[in-house]
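The sequence shown begins at 51 in the numbering used here and counts up by one.
We put the beta carbon where it would ideally sit given N, CA and C, even for glycine.
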Amino acid sequence: MNHIVVTGGAGFLGSHLCRVLLERGYRVTAIDNLSTGRMATVENLTAHPRFTLRTADVTAPGAFADLAAVTHIAHLACPGGPKATARWPVDILRAASTGTLAALDLAKSCGARIVVASGSEIYSESNLGPPHRPHLGNIGPASIFGAHTAGSHVTEAVARHYRGANVGIVRPFEVYGPHLWPGDGRVTASCCAAALRDQTLQVIDGDTRSFVYVADTIEAMVAMLDSEASGPVDIGGPNVVTLAEFARTVIDFAGSGWLEVAPARTTEVTARSPDLTHARALLGWQPTTPLPDGLHHTLDWMRTILRPQ
């Protein structure tokens with residue numbers, strides 16, 4: 051039986067990945083310090099006989115202790131969302147460096163396949179699309195989101211230069227879906243929560259995103275775990291939409307909310323579009339969930355979170 055370790059297993063992506071892996075018949079060990087991960091996302095898994103949740107920080111000694119016969123590792127552990135980035139910049143850098151090294155050491159000792167998640171932040175402030183991908187942007191370490199941008203570079207640098215492990219790298223873009231908590235600051239979570247509360251949705255003029263539904267993202271991650279591809283592989287949506295257009299769709303589906311478009315700031319990354327060439331060629335993957343369908347699922351789930359108890 052495959053034994054898969056998922057770091058950040060109680061987080062947004064990790065919780066969905068754990069569920070899919072269990073459905074495939076695997077044994078799953080999730081590791082999460084619950085800084086941004088939530089027990090609520092895995093409480094329906096905790097009674098499963100093949101699921102174990104280890105509450106630990108991947109940067110701490112002993113987080114991976116006594117794990118044996120591990121066949122695969124999905125390294126997703128990192129505080130997620132803009133609010134976490136502003137609150138825990140040093141923890142993000144520790145997860146990117148020490149945490150990634152610890153996960154790679156486990157992969158090497160077990161002979162396991164490991165997939166490391168970076169993100170679209172790797173392209174940082176370049177504002178360049180796929181044809182210009184050799185240029186990976188400029189890092190502003192002192193900026194409010196500098197730790198997350200630098201952390202993406204550190205994660206990939208550690209994974210690329212590590213020797214003795216079977217490593218793959220994925221770069222998820224703007225993933226959305228159930229288990230996105232209203233207060234984490236991500237654009238989909240913020241827009242959906244504001245609309246359902248009949249509040250104003252504030253977006254930046256000209257800002258664009260490539261949205262990809264969480265189920266499609268997990269499908270790509272599983273394919274990467276099954277493959278021998280090293281990557282990096284972009285995981286994103288097939289189309290780029292402006293946040294103003296996205297917010298109007300959210301308001302329409304929610305039946306409430308207001309839109310406010312703010313002037314662009316020079317420090318904003320206003321264009322992030324994935325290059326899906328490698329995902330199609332190496333993994334046979336492309337997203338299939340239309341944005342309207344995914345938004346309906348996301349709003350339905352968030353209604354249950356925002357509903358007064």
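Annotation for residue 55: 79, 120, 123 place their beta carbon closer than 6 Å to its own, counting only its chain and skipping 5 residues before and after.
If one requires a minimum length of 3 residues, the beta strand (DSSP E) runs lying completely within the stretch 233 to 318 are 250 to 254, 261 to 263, 283 to 285, 308 to 312, in chain order.
In the assembly as shown, residue 308 is an exposed residue. Its beta-carbon has fewer than 16 other beta-carbons within 10 Å. A residue is called buried once 16 or more other Cβ atoms fall within 10 Å of its Cβ, and residue 150 is buried on that count. Cβ contact annotation for residue 204 (same chain, cutoff 6 Å, sequence separation greater than five): 146, 147, in chain order. The DSSP-derived three-state label of residue 105 is strand.
A Cβ-Cβ contact shorter than 7 Å links residue 284 with residue 221.
The beta-carbon separation of residue 100 and residue 76, rounded to 7 Å, stays under the 8 Å limit for a contact. Comparing C-alpha distances from residue 353 to each of 327, 333, 306 shows the shortest one belongs to 306. Taking 7 Å as the cut-off, the beta carbon of residue 165 is found closer than this to the beta carbon of residue 274. For residue 203, the three-state secondary structure derived from DSSP is helix. By the C-beta density criterion, residue 295 is exposed, having fewer than 16 other C-beta atoms within 10 angstroms. Straight-line spacing of the CA atoms in residue 277 and residue 219 works out to 11 Å. Contact between residue 251 and residue 300 holds: CB atoms are separated by about 7 Å, below the 8 Å threshold.
In this structure, the CA atom of residue 112 is about 43 Å from the CA atom of residue 247. Approximately 14 Å separates the beta-carbon atoms of residue 288 and residue 342; this is outside 8 Å, ruling out the contact. The beta carbon of residue 271 lies closer than 7 Å to those of 67, 124, 165, 220 in the same chain, with the five residues before and after it left out. About 7 Å separates the beta carbon of residue 259 from that of residue 290, a gap short enough to meet the 8 Å contact definition.
About 14 Å separates the Cβ atoms of residue 223 and residue 281, ruling out a contact at the 8 Å cut-off. Under the 10 Å beta carbon count, residue 227 is surrounded by 16 or more other beta carbons and is classified as buried.
For residue 92, the closest C-alpha among the options 158, 63, 117, 241 is that of 63.
For residue 123, no alpha helix (DSSP H) encloses it; the enclosing beta strand (DSSP E) starts and ends at 122 to 125. The beta carbon of residue 215 sits closer than 7 Å to the beta carbons of 154, 157, 158, 164 from its chain, once the five residues preceding and following it are set aside; these are given in chain order. Residue 224 has 261 as its beta-bridge partners, per DSSP.
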